[in-house]
Every structure is written in C-alpha cells, then in structure tokens.
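Undergrad:
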Amino acid sequence: MVTNARRAARHTGERDVVDLNPVFARPGEATSVPKFRLPQDPSLPATAYQIVHDEAMLDGNARLNLATFVGTWMDEYASRLYIEAADKNMIDKDEYPQTAAVETRCWTMLADLWHAPDPEQAIGTSTIGSSEAAMLGGLALKRRWQHARRAAGMATDRPNLVLSSAVQVCWEKFCNYFEVEARYVPISLEHKVLDGHELEKYVDENTIGVVAIMGVTYTGMYEPVTQIAAALDRIQDSTGVDVPIHVDGASGAMIAPFVQPDLEWDFRVARVASINTSGHKYGLVYPGLGWVVWRDQDCLPEDLVFRVSYLGGDMPTFALNFSRPGAQVLLQYYLFIRLGRAGYEAVQRTARDVALYLSGEIATMAAFELWNDGSDIPVFAWSLRQGHTENWNLYHLSDRLRTKGWLVPAYPMPDDLTDLTVQRIVVRNGLSHDLASAFLADLREEVAYLDALTGPMPTEGQRSGFHH
C-alpha cells in the first residue's frame with residue numbers, strides 16, 4: 001500500500017535505535033538495539049521475538065485488505081504442514097525427492113484441469129510466483145521463435161511480444177530484461193480488454209507470441225482467448241505468420257475451470273502453448289508459489305531445460321531462481337487433495353457470489369459507475385460518475401476507507417485511459433457476506449460524509465494505491 005511504502009523507506013529524523021520496553025528487557029541485556037546496523041551483542045530469543053512481533057503489529061489487517069490478490073488465510077493443518085516443511089529446498093531434488101514427486105503431481109493435475117491433449121506428456125514446473133512463471137512462458141516463446149527463424153535462415157535480433165496495455169508489470173519486466181519489444185494494444189471504452197480487434201496492426205514475422213490475460217489486474221476481466229486465436233488464424237491465412245498464445249492465468253486459471261467450466265480459454269484452444277497461474281492467489285496457498293504448464297514437450301525447447309539427477313533418475317528443471325521454498329508446493333498438494341474439484345468450485349463460486357453482491361450494491365449508489373461486475377474472476381472496478389461532485393475523488397474515498405481499516409486502492413487506468421481513475425475490490429476466500437455487508441455500511445457512510453462537504457478536498461500529494 002502507498003502508506004506502508006512510505007513507512008518502509010527510512011524517513012528524515014528517524015531514530016537509529018529501537019528502544020526495549022522495560023517489561024520485556026531481561027537483566028543484563030541492552031536497553032536498545034540499532035535499527036540499521038547489526039547489533040554488537042546477541043539478544044535472548046524472547047526479546048528478539050518481542051521486538052519483531054511489535055514491529056509487525058503496525059501492518060494492516062490482512063482480512064480487510066481488498067486490494068491484494070494474494071491469499072491471506074489457510075487452515076490450521078496447512079499451517080502445521082508449513083512449519084514442518086519450512087526447511088525443504090525445492091531445488092534440491094536429491095535430498096527431497098518426494099517433494100519433487102509431489103511437484104510433478106501438481107502440475108500434471110493442472111495440465112489435466114486445463115485440458116492438455118495428453119496431461120502425461122505435458123511439462124510444467126512450480127515457481128516462486130506467477131511472475132516467474134510468466135517469464136518462463138515468455139522465454140519458451142522467444143526460444144521457439146529463435147529456433148524456427150534460424151532453421152529458416154532468418155534474423156533473430158528483433159523479437160516482439162503483443163500484449164494489452166493493461167498487462168501486469170511482470171510482462172514489462174520480461175520484455176525489458178530479456179530484450180523483447182513490447183507491443184501494447186491499448187484498451188478503450190469500446191474495447192475494455194485485448195479482444196483481437198486490429199491485432200494485425202501489431203503482429204508480424206518477429207512476433208514470438210500474444211499474451212492473453214485471464215483476469216486483468218486492473219479490473220478482473222477475462223480477455224477472450226478464442227477471439228484472439230481467431231484473429232491470429234486470420235492473420236496466418238493472409239500472411240503465413242503462425243503465432244502462439246501464452247495465457248496469463250495468474251488468477252483466472254484457478255477460477256474458470258470451476259466457475260465457468262464451458263468457457264474455452266485453455267489448451268482446448270489449439271494456439272495456446274502455455275499457461276501460468278498463481279498458487280498463492282486463487283490456488284489458495286500462502287505467498288511464494290506459481291505454476292506454468294506447457295501443452296506438450298515440444299512447446300518447451302529442450303535447450304532451456306537443465307537436468308538434475310536424483311535416485312538414479314533424471315529430473316528436468318527450468319527456473320530463474322535456484323534455492324526456493326518447497327513448503328508451498330506441499331501446501332498446494334494438500335489443498336488439491338483436501339478440496340478436490342467440488343471443494344474448489346464451492347470456494348470460488350462463493351467468492352464470485354460475494355463479488356456480485358458487492359458490485360450489485362455499489363451499482364445502486366449514485367456516486368459510482370461500474371466498469372465490470374466481478375462475473376469473471378471475483379474482482380471488479382468502478383469509477384466516480386461524471387458530474388457527481390467536484391469536491392472529492394476516489395483517492396479521498398480510499399483514504400477515508402483506510403481509517404476504517406479497509407484497503408481499497410484507487411489508481412488511473414493504463415495508457416489511453418489514464419484520465420480515468422477507478423477503485424477495485426478483490427474478493428478472496430475469507431471475505432464473507434457478513435464482512436461484505438460491513439464494508440458496504442462503511443462505504444455508504446464515507447460517501448455520505450464526502451457528499452456533505454461544502455467545499456473541495458485538497459488534492460496535493462495524492463498517489464495511486466497499489467493494485468498489482
């Protein structure tokens with residue numbers, strides 16, 4: 001959040017030490033510890049714990065955070081398993097072969113869930129998060145394009161990737177870090193997502209792929225994969241250029257199979273080469289887990305894969321990180337076998353029901369105009385209705401809601417719509433109808449307060465809230 005980010009940086013006049021509360025200080029210990037230097041002497045575990053515990057107490061209440069997509073709750077058995085597996089290093093497949101086997105089971109389950117032609121012949125991996133998973137998908141697209149171009153005796157120095165202007169920042173990073181030209185298709189009031197409209201203006205022989213987002217970060221809307229694929233079919237018919245699709249399903253890939261099972265967006269669409277998702281979003285696991293799955297082994301060039309031997313066998317590995325936690329992989333498997341399809345469907349449908357309830361109530365308020373209603377992933381956004389007021393804006397409302405503990409970001413839409421500011425709610429597992437009703441009561445109260453102003457609120461120093 002913006003407020004927390006300001007607090008995170010060292011501010012002018014901040015003291016260099018943390019004073020110990022006399023109630024917690026033990027005889028013989030120092031009465032303060034430095035903030036920005038290693039202490040000279042050790043502290044007792046109980047003292048160090050109390051210092052860190054009290055510092056963390058200043059963070060917000062995760063259950064009231066309506067900005068983040070990331071999971072904030074798991075049950076007590078998951079917490080127990082998390083502690084038991086905290087020492088497992090996912091990269092060390094020789095030391096932890098069973099965790100590696102569980103990882104394979106998980107992405108094979110996902111390949112089946114996403115209708116891979118032959119899940120046993122698909123290939124995938126876990127990652128630190130969906131951003132790493134997306135970058136691996138992008139790297140595979142780039143390498144496949146390079147191989148095809150070299151085989152045809154053509155240059156490989158100008159790769160480009162086509163994506164929506166509302167794409168998540170990880171794709172901007174990918175294009176920057178791996179020297180791929182980003183070609184952004186602007187969204188508009190007429191085309192709220194990348195939907196294949198005028199795609200031929202952006203695709204050429206150097207296009208390594210098109211990214212389709214199942215759950216745009218700004219608004220939660222799905223990009224229609226079948227329409228994008230149809231546009232690419234037409235481009236291939238007229239130019240001969242064959243372009244694959246990578247589906248960024250950070251959120252939607254764990255929603256659509258359970259809430260919109262008949263929607264074709266996954267490997268049922270022939271152009272879809274790979275899909276990524278966040279285990280720690282609607283996969284319902286604590287932070288630190290992503291997944292990426294390729295349609296088949298031909299979609300992941302062999303020269304990107306490193307081989308690790310364990311128990312006399314051969315384990316392929318493809319990752320940007322090396323050492324990373326294995327606990328979250330076990331947590332994902334725990335949830336897969338605990339919830340099953342029926343359990344995930346119940347959780348995700350409940351979240352969408354809450355989103356539709358909230359968006360329906362907000363739509364009745366004179367101050368607001370909905371951008372979408374949360375019927376894709378359980379996320380929706382709204383803007384301040386034009387002409388409603390000159391005395392306040394959505395940044396003021398966001399600040400007012402923060403005083404009640406609710407974190408609801410306000411931010412401008414992407415390029416070509418930057419003059420439009422929206423607020424967005426992410427409904428996650430744990431936001432019940434009761435909590436949603438409590439939020440609506442606070443929202444109405446704060447809107448009434450702002451509407452009663454007789455003059456304009458100050459706008460100096462306003463910043464966008466965190467929305468990724």
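If you're matching positions, the sequence shown starts at 1 in the working numbering and goes up one per residue.
We put the beta carbon where it would ideally sit given N, CA and C, even for glycine.
None of these values were measured; they are calculated from a predicted model.
Determine the direct distance from the alpha carbon of Leu64 to that of Leu407, and round the result to whole angstroms.
TA: Counted from its first residue, the sequence shown places residue 407 at position 407. Counted from its first residue, the sequence shown places residue 64 at position 64. Each residue's Cα considered, the two are about 7 Å apart.
Undergrad: Excluding the 5 residues preceding and the 5 following Asp112 in the sequence, name in chain order all residues of the same chain whose CB lies nearer than 8 Å to its CB.
TA: Walking along the sequence shown from the start, residue 112 turns up at place 112. The residues are Pro119.
Undergrad: Gln297 to Gly288, Cα distance in whole Å?
TA: For the purposes of this step, residue 297 is taken as residue 297 along the sequence shown, with counting starting at 1. For the purposes of this step, residue 288 is taken as residue 288 along the sequence shown, with counting starting at 1. If you take the alpha carbons of Gln297 and Gly288, they lie about 26 Å apart.
Undergrad: In chain order, what residues of the same chain lie with their CB nearer than 6 Å to the CB of Glu181, ignoring the 5 residues before and after it?
TA: Start at 1 with the first residue of the sequence shown, and residue 181 comes out as number 181. Excluding residues within five positions, the ones whose Cβ falls inside 6 Å are Asn160.
Undergrad: Out of Asp415, Arg428 and Asn393, which has the shortest C-alpha to C-alpha gap to Gln462?
TA: Numbered from its first residue, the sequence shown carries residue 462 at position 462. Nearest option by C-alpha distance: Asn393.
Undergrad: Just list the alpha helix (DSSP H) runs in the segment 420-459, keeping only unbroken ones of 4 residues or longer that don't cross its boundaries, in chain order.
TA: The segment 420-459 contains these whole alpha helix (DSSP H) runs: 433-451.
Undergrad: With 16 other CB atoms within 10 Å as the buried threshold, where does Tyr344 fall?
TA: Locating residue 344 in the sequence shown gives position 344, counting from the first residue. Per the 10 Å Cβ criterion, buried.
Undergrad: Could you spell out where the beta strand (DSSP E) holding Thr207 opens and where it closes?
TA: Taking the sequence shown and counting its residues from 1, the one referred to as residue 207 is at position 207. Per DSSP, Thr207 belongs to the beta strand (DSSP E) from Thr207 to Ile213.
Undergrad: So, with DSSP's three-state summary, where would you put Ala8?
TA: As a working note, residue 8 is residue 8 in the sequence shown. The answer is helix: DSSP assigns Ala8 an H, G or I state.
Undergrad: Check whether the segment 94-103 and the segment 322-334 touch, using three or more Cβ-Cβ pairs below 8 Å as the test.
TA: Enough Cβ pairs lie closer than 8 Å, so yes.
Undergrad: Since Phe380 is in the beta strand (DSSP E), which residue starts that stretch and which ends it?
TA: Here residue 380 is taken as the residue at index 380 of the sequence shown, counted from 1. Residues Val379 to Leu384.
Undergrad: Along the chain, where does the alpha helix (DSSP H) that runs through Phe368 open and close?
TA: Counting from one through the sequence shown, the residue named residue 368 turns up at place 368. Looking at the DSSP string, Phe368 is not in any alpha helix (DSSP H); the run it does join, the beta strand (DSSP E), is Phe368 to Leu370.
Undergrad: Beta carbon of Leu370, beta carbon of Leu450: below 8 Å?
TA: Within the sequence shown, the letter at position 370 stands for residue 370. Within the sequence shown, the letter at position 450 stands for residue 450. Taking 8 Å as the Cβ cut-off, Leu370 and Leu450 do not qualify as a contacting pair.
Undergrad: Let me make sure I understand the geometry here. Which of Ser359, Leu339, Tyr334 and Asn429 has the alpha-carbon closest to that of Leu81?
TA: Here residue 81 corresponds to residue number 81 of the sequence shown, with the count starting at 1. Of the listed residues, the one whose Cα sits closest to Leu81 is Tyr334.
Undergrad: Name the one or two DSSP bridge partners that Pro34 has.
TA: Taking the sequence shown and counting its residues from 1, one reaches residue 34 at position 34. Paired residue(s): Val17.
Undergrad: For the alpha helix (DSSP H) that Glu345 lies in, which residues bound it at each end?
TA: Here residue 345 is taken as the residue at index 345 of the sequence shown, counted from 1. Glu345 -> alpha helix (DSSP H) spans Ala327 to Ala363.
Undergrad: Suppose you measure from the CA of Pro39 to the CA of Ile51; what does that come to, to the nearest Å?
TA: Along the sequence shown, one-based indexing puts residue 39 at 39. Along the sequence shown, one-based indexing puts residue 51 at 51. Distance between the alpha carbons of Pro39 and Ile51 is about 13 Å.
Undergrad: Three-state secondary structure (DSSP) at Val293?
TA: Taking the sequence shown and counting its residues from 1, one reaches residue 293 at position 293. It is a strand residue.
Undergrad: According to the Cβ coordinates, are Ala134 and Trp171 closer than 8 Å?
TA: Start at 1 with the first residue of the sequence shown, and residue 134 comes out as number 134. Start at 1 with the first residue of the sequence shown, and residue 171 comes out as number 171. Yes, they are a contact pair.
Undergrad: Does the Cβ-Cβ distance between Glu200 and Ser164 come in under 8 Å?
TA: Along the sequence shown, one-based indexing puts residue 200 at 200. Along the sequence shown, one-based indexing puts residue 164 at 164. No. Outside cutoff.
Undergrad: Determine the contact status of Ala166 and Pro414, defining contact as a CB-CB distance below 8 Å.
TA: For the purposes of this step, residue 166 is taken as residue 166 along the sequence shown, with counting starting at 1. For the purposes of this step, residue 414 is taken as residue 414 along the sequence shown, with counting starting at 1. Taking 8 Å as the Cβ cut-off, Ala166 and Pro414 qualify as a contacting pair.
Undergrad: Look up Glu390 in the DSSP assignment and say whether it is helix, strand or coil.
TA: Stepping through the sequence shown from its first residue, residue 390 is reached at position 390. Coil.
Undergrad: Using only the alpha-carbon positions, how far apart do Tyr77 and Phe336 sit?
TA: Along the sequence shown, read from residue 1 onward, the residue named residue 77 stands at position 77. Along the sequence shown, read from residue 1 onward, the residue named residue 336 stands at position 336. Spanning the two alpha carbons is a distance of roughly 14 Å.
Undergrad: Would Thr127 be called buried (16 or more neighbouring beta carbons within 10 Å of its own) or exposed?
TA: What you label residue 127 is simply residue 127 of the sequence shown in a count that begins at 1. Buried, since its Cβ has 16 or more Cβ neighbours within 10 Å.
Undergrad: Where does Ala85 sit, in a helix, a strand or coil, going by DSSP?
TA: One-based indexing of the sequence shown puts residue 85 at position 85. Correct three-state label for Ala85: coil.
Undergrad: Check whether the Cβ atoms of Pro257 and Gly209 lie closer than 8 Å to each other.
TA: Position 257 of the sequence shown, counting from 1, holds the residue named residue 257. Position 209 of the sequence shown, counting from 1, holds the residue named residue 209. Their beta carbons are not under 8 Å apart, which means Pro257 does not touch Gly209 by this criterion.
Undergrad: Rounded to whole angstroms, what is the Cα-Cα separation between Thr125 and Asn276?
TA: For the purposes of this step, residue 125 is identified with residue 125 of the sequence shown, where counting begins at 1. For the purposes of this step, residue 276 is identified with residue 276 of the sequence shown, where counting begins at 1. Cα to Cα, Thr125 sits roughly 10 Å from Asn276.
Undergrad: With DSSP run on the structure shown, which of helix, strand or coil describes Ile235?
TA: Taking the first residue of the sequence shown as 1, we reach residue 235 at position 235. Helix.
Undergrad: Is it right to say Ile362 is buried, meaning 16 or more other beta carbons lie within 10 angstroms of its own, or is it exposed?
TA: Within the sequence shown, the letter at position 362 stands for residue 362. Ile362 is buried by the Cβ-count criterion.
Undergrad: Could you tell me if Val2 is buried or exposed, where buried requires 16 or more neighbouring beta carbons within 10 angstroms of its beta carbon?
TA: Position 2 of the sequence shown holds residue 2. Because the pLDDT at Val2 is just 38, under 50, the model does not fix this residue reliably, and the value given afterwards should be weighed accordingly. Buried: at least 16 other Cβ atoms inside 10 Å.
Undergrad: With DSSP as the reference, label Ser375 as helix, strand or coil.
TA: In the sequence shown, the residue the question calls residue 375 occupies position 375. In the structure shown, Ser375 sits in coil (DSSP, three-state: anything other than H, G, I, E or B).
Undergrad: Measure the C-alpha to C-alpha separation of Met74 and Glu190 and round it to an integer number of angstroms.
TA: Reading the sequence shown from its first residue, position 74 is the one you call residue 74. Reading the sequence shown from its first residue, position 190 is the one you call residue 190. Rounded to whole angstroms, Met74 to Glu190 spans 40 Å at the Cα level.
Undergrad: Quick one: give me the first and last residue of the beta strand (DSSP E) that Asn176 is part of.
TA: Residue numbering aside, residue 176 sits at position 176 when the sequence shown is read from its first letter. Note, Asn176: premise wrong, no beta strand (DSSP E); alpha helix (DSSP H) at Val169 to Tyr177.
Undergrad: Going by CA-CA distance only, name the one from Asp92, Cys299 and Asp419 that's closest to His147.
TA: Walking along the sequence shown from the start, residue 147 turns up at place 147. If we check each option's Cα against that of His147, Cys299 comes out closest.
Undergrad: Are Asp376 and Gly249 close, meaning C-beta to C-beta below 8 Å?
TA: By 1-based counting over the sequence shown, the position of residue 376 is 376. By 1-based counting over the sequence shown, the position of residue 249 is 249. Not in contact: Asp376 and Gly249 (Cβ atoms no closer than 8 Å).
Undergrad: Where does Thr418 land, buried or exposed, given buried means 16+ other C-beta within 10 angstroms?
TA: On the sequence shown, residue 418 is found 418 positions in, with the first residue counted as 1. Thr418 comes out exposed.
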